[in-house]
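Residue numbers (my numbering): 184 to 490.
Here is the structure:
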């Protein structure tokens, strides 16, 4: 087991949004990770309050269990946040009375542990799974997808300008087995630019999102969780790239409409407005935080309250 490094982004902002000081309500951390947000929630809530934290990554679970060993009002669940509802039912919990926090994307630990295959800076097998029990990994995407499918995910999830060139190069160079093989290939098949961003950044992001169904899982979870939230419960969401932020923004905006029915339907059949947007514009990290942890510069926080 490697030492678990994780810098918690927008720690205070995201947890303060939950308004959990001395609360004896039930809270959920959908993405436990290194346990930073969970720990602060546990410090703030009353001993009668409860926190249920989820993660599919066993490294994260083990590190957080050790870190949070002294809290009796914490339940850690080794499962995806797409299964929050089933797990709460098993625990006999009908409603999330306090709120939920999502901290999306890969953790610092995942990105910097060479063997996990997320990084194009260190050589490792093409893996990128958050959940080591899944069979499908980055190798499958790189070596089995058709050219058109590669172009689509690089464009959609990586917003990569040279998707066609890179996809063609991958097809012509198969099999590719390691992160550095893939990163070098991307570098060779794209024009040199003056930017500091590594040419493989966008493609690696796209493959990671595809392997872990990140956007699909987030969308499914957020839409389902709303029905589990008690009136007044808070949703606090940290995103790290424009795709996640746009998705969070559009789902929350949709849930905040007074009616979501088809215009042709004469009578409103939907449940009406489900959330109130707490901030119209996303909250960004402070300048001090960006200095301490430069990768946090892309983070955005959106907050909504169940009505």
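All C-beta atoms, glycine included, are put in the ideal place defined by N, C-alpha and C.
These numbers come from a predicted model, not from an experiment.
Start and end residues, beta strand (DSSP E) containing residue i
i	result
residue 432	That residue, residue 432, is in no beta strand (DSSP E); its alpha helix (DSSP H) goes 425-438.
residue 261	257-261
residue 286	282-286
residue 238	233-238
residue 301	Looking at the DSSP string, residue 301 is not in any beta strand (DSSP E), and its letter there is neither H nor E.
residue 418	417-422
For residue i, the first and last residue of its enclosing alpha helix (DSSP H)
i	result
residue 242	241-250
residue 221	219-227
residue 399	397-408
residue 351	346-356
residue 363	362-372
residue 267	267-273
residue 321	321-327
residue 334	330-341
residue 198	194-199
Rounded separation between residue i and residue j - CA only
i	j	result
residue 468	residue 293	21 angstroms
residue 340	residue 451	35 angstroms
residue 385	residue 448	42 angstroms
residue 427	residue 453	26 angstroms
residue 207	residue 282	12 angstroms
residue 491	residue 344	What is shown of the chain runs 184 to 490, which leaves residue 491 out entirely.
residue 200	residue 327	43 angstroms
residue 475	residue 192	10 angstroms
residue 415	residue 198	15 angstroms
residue 486	residue 422	11 angstroms
residue 378	residue 301	21 angstroms
residue 460	residue 245	35 angstroms
residue 205	residue 444	39 angstroms
residue 224	residue 312	27 angstroms
residue 455	residue 490	10 angstroms
residue 357	residue 484	40 angstroms
residue 482	residue 288	10 angstroms
residue 228	residue 342	40 angstroms
residue 237	residue 284	11 angstroms
residue 413	residue 329	45 angstroms
residue 303	residue 480	20 angstroms
residue 226	residue 232	11 angstroms
residue 399	residue 265	10 angstroms
residue 392	residue 314	13 angstroms
Proximity to residue i [Cα-Cα], best of the options
i	options	result
residue 363	258, 298, 341, 446	298
residue 138	423, 354, 475, 286	Within the shown structure, residues of the chain are numbered from 184 to 490, placing residue 138 beyond reach of any answer.
residue 488	439, 209, 444, 337	439
residue 465	474, 432, 327	432
residue 230	314, 219, 210, 446	210
residue 274	446, 257, 457	257
residue 269	290, 411, 456, 312	411
residue 276	218, 408, 402, 261	408
Assigned exposure category for residue i - 16 Cβ within 10 Å defines buried
i	result
residue 309	buried
residue 221	buried
residue 241	exposed
residue 214	buried
residue 462	exposed
residue 478	exposed
residue 471	exposed
Residue-level contact to chain B via CB, residue i, 8 angstroms cutoff
i	result
residue 306	Looking at the structure shown, chain B is missing, and only one protein chain is on hand.
Heavy atom of the ligand MG within 7 angstroms of residue i beta-carbon
i	result
residue 441	Because no ligand of any kind appears in the structure shown, any question about the ligand MG cannot be addressed here.
Could you tell me whether the segment 342-349 touches the segment 314-326, using the rule of 3 or more Cβ pairs below 8 angstroms? no
Does the segment 380-397 come into contact with the segment 354-369, if we say contact requires no fewer than three beta-carbon pairs (one atom in each stretch) closer than 8 angstroms? Verdict: yes, contact present.
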